[in-house]
Structures are given as C-alpha cells and as structure tokens.
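For the sequence shown, the positions run 56 to 330 when our numbering is used. Data block below; observations after.
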Amino acid sequence: MTSRMKLSTKLIGGAGAISALAILLGAGSIYWISSLNGSMQYTVNVAAKRSQIAYQLYSATTRMQSLDRAIMLRSIMQQGAGAEDNKREYRDVMSNVRKLLPEYQALIEDDAGRRVYDNIRSEMEQLFQAHDELVQYMDKQQFDQVQKVADEKVMPRAETIITASNELVKQEGSRMNAASAGAESKATTARWVSILFTLICIATSVVVIMIVRSVSSTLLKLAQTMSGGAEQVAAAATQVAAVSQSLAQASSEQAASLEETSASGHDIAAMKRQN
C-alpha cells in the first residue's frame, strides 16, 4: 500500500509540475507580450510621432525662411504674381505649423520637453507677427523697413527656431532609439524566458515519462510475480487434490480390511461357540 501511495504521489506530482509550468509559461508569455506591445505602441504612437513632428517643424521653419527671402526678392523685382504665390504658400505652411504644435504638446511627457515646446511656440508666434509686419511694409513699398524687419526680427527668429527644432529632432531621435532599444530588450528577454520555461517543461516531461515507465515496469513485474504465484498455487492445489484422492482410496481400502477383519472375528466367535 505504501509503495502504491508513493507511485501515485509521484505521478500526481509530475502531472502537477507540468501543469504549473504550463500555467507559468502561459502567464509569462501574456505578460511579456503585453509589455512588448505597450513598448511598441509607445515607440510608434509617441516617440516616433514626436520625432516626426519635430522634423516637420524644422522643415516648416526652413521653408518659411526661404519663402520670406523669395517674397522680398520678388517684391523688389516687381514680380507681384510670384510674390503672391509665395505668400499663399507661406500661409499654408504657417497653418500647418499651428496644427502641429498642439499635436506635439499632447505628447509631451516631462518639464524639459515642455520648456522646449513653449520656447518654440513663443518664437513661432513672434515669427508670424514679424512676417505679417514684413508683408505690410512690402505692400507699401517701404523696402528700407522691409530690410530692417527682416534683419532684426524675421531672420533671427527663424534661425532661433531652426536651431531649437533641430535640437528637438536630435532629442526625439535619441528618445525613439531608446524606446526601440527597450522594446527590443523586452522582446529578447521574453524570448529567453519562453525558451527557459519550455526547456523546464521538456525536462519535467522527461522525468514524468521515466517515472511512468518505472511504474509500468514495477507493475509488470508485480503482475508476473502474481501470475507465477497463481501457477504455483494451482499446482499445489492439484497436488493436494491428488493426495486427498490417494488418502480417500487408502481409507476405503482400510475400511474394507476392517470389514473383513470384523467378519473373520465373527467367524472365529461362531466357531468358538460351536467348539
């Protein structure tokens, strides 16, 4: 009974270990997949988007700076149609910048990023005002004021924004690389954890298979032993039956002898009475 209990305990323990490892593997996979998904979502929807907006702000500022120069040049050369085209394009770029700034603001995560954003937004507003002032002087053909506004307000602010946005592009690029590296690190860790748990499950399965084979071998030997014992018992029973039959036959013969002896005794007694 104790041996059977031990075998049962081994089997139940092995099956329980495999089940527990399978549950741990599933739970760990779910956790790492969720974590990896979160990292990927952050990389794509936050870090990459911020980096893209920062680059768009940089490109928009350089484009506005070029357009201001083109507007000034065409106004001086009396190319009104070309100047109007440049003004219209400038307004389109400015409108796009006004849309990009709130999008970037919604993605800011720290005070350093907020300070950079506030600086760029303030410089952008001042640049737009300086541009409007520049256009007004150009429309009035006051080219001395146009040059003054361009030298003192438009170009310096554009350069400031270009420098700040370029630095912002580098910062966001570094953050995106860090986010990507973090996601890759989590993916690598998840892969190794899954491999480790899989190997443990395989090793436990091998141990359980060995236990089952051992149990099967033990039961087979026990069955063979019981079969041999049954054969011996059957043979012994056959021998006992034969001995019993011999005893019964001997008893019958003894009874017959006793009857003959008794008859002889009666004959002797009769003869004695006759004598």
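Idealized CB from N, CA, C, for every residue including glycine. Note that the structure is predicted; figures quoted are calculated from it, not measured.
_CA nearest to the CA of Ile175, picked from Gln96, Ala238, Ala125, Ala109_ = Translated into the one-based positions of the sequence shown, residue 175 becomes position 120. Measuring from the Cα of Ile175, the nearest candidate turns out to be Ala109.
*Identify every run of the alpha helix (DSSP H) within the region 254-280, keeping only runs that are complete inside it and at least 4 residues long; order them along the chain.*
List check, alpha helix (DSSP H) in window: nothing returned.
_Considering only the alpha carbon of each residue, which of Ser74, Arg212, Leu162 lies closest to Lys104?_
Counting from 1 along the sequence shown, the entry for residue 104 is found at position 49. Residue Leu162 is the option with its Cα nearest to Lys104.
*Look at the alpha carbon of Ser58 and the alpha carbon of Ser235, and state the distance between them as a whole number of angstroms.*
Start at 1 with the first residue of the sequence shown, and residue 58 comes out as number 3. Start at 1 with the first residue of the sequence shown, and residue 235 comes out as number 180. Any reading at Ser58 is ruled out, since the residue's pLDDT is 48, under 50, leaving its predicted position unreliable.
*Give a yes or no on whether the C-beta atoms belonging to Met231 and Ala102 are separated by under 7 Å.*
To locate residue 231, count along the sequence shown from 1; it is residue 176. To locate residue 102, count along the sequence shown from 1; it is residue 47. Taking 7 Å as the Cβ cut-off, Met231 and Ala102 qualify as a contacting pair.
*Where does Met193 sit, in a helix, a strand or coil, going by DSSP?*
Indexing the sequence shown from 1 puts residue 193 at position 138. Correct three-state label for Met193: helix.
_Any contact between the region 119-132 and the region 180-197? By contact I mean 3 or more CB pairs, one from each, below 8 Å._
With the cut-off at 8 Å, the region 119-132 and the region 180-197 touch.
*asked:* Which of the three DSSP states is assigned to Ile163 in this structure?
replied: Here the question's residue 163 lines up with position 108 in the sequence shown. Correct three-state label for Ile163: coil.
_Quick check: the region 139-159 against the region 241-260, are at least 3 beta-carbon pairs closer than 8 Å?_
At 8 Å Cβ cutoff, the stretches do not touch.
*asked:* Quick check on Met210: does DSSP put it in helix, strand or coil?
replied: Residue mapping note: residue 210 aligns to position 155 of the sequence shown, counting from 1. Helix, per DSSP.
*Mind checking Glu227: buried by the 16 CB within 10 Å criterion, or exposed?*
Indexing the sequence shown from 1 puts residue 227 at position 172. Taking all protein chains shown into account, Glu227 has 16 or more neighbouring C-beta atoms within 10 Å of its C-beta and is therefore buried.
*Does the distance from the C-beta atom of Asp123 to that of Val209 stay below 7 Å?*
Your numbering for residue 123 matches position 68 in the sequence shown. Your numbering for residue 209 matches position 154 in the sequence shown. For Asp123 and Val209, yes; Cβs fall inside 7 Å.
*Spatial neighbours of Val204 within its chain, please: CB distance less than 7 Å, with the 5 preceding and 5 following residues excluded, ordered by chain position.*
Taking the sequence shown and counting its residues from 1, one reaches residue 204 at position 149. Result list for Val204: Ala185, Glu188, Leu189, Tyr192, in chain order.
*Can you name the start and end residues of the alpha helix (DSSP H) that Thr116 belongs to?*
As a first step, residue 116 must be located in the sequence shown, where it is residue number 61. 103-131 is the span of the alpha helix (DSSP H), which, as asked, contains Thr116.
*asked:* Is Val148 near the ligand MG - that is, is its Cβ less than 6 Å away from at least one heavy atom of it?
replied: Because no ligand of any kind appears in the structure shown, any question about the ligand MG cannot be addressed here.
*If we count the other Cβ atoms within 10 Å of its Cβ and call it buried at 16 or more, is Ser220 buried or exposed?*
Locating residue 220 in the sequence shown gives position 165, counting from the first residue. Its Cβ being crowded by 16 or more others within 10 Å, Ser220 is buried.
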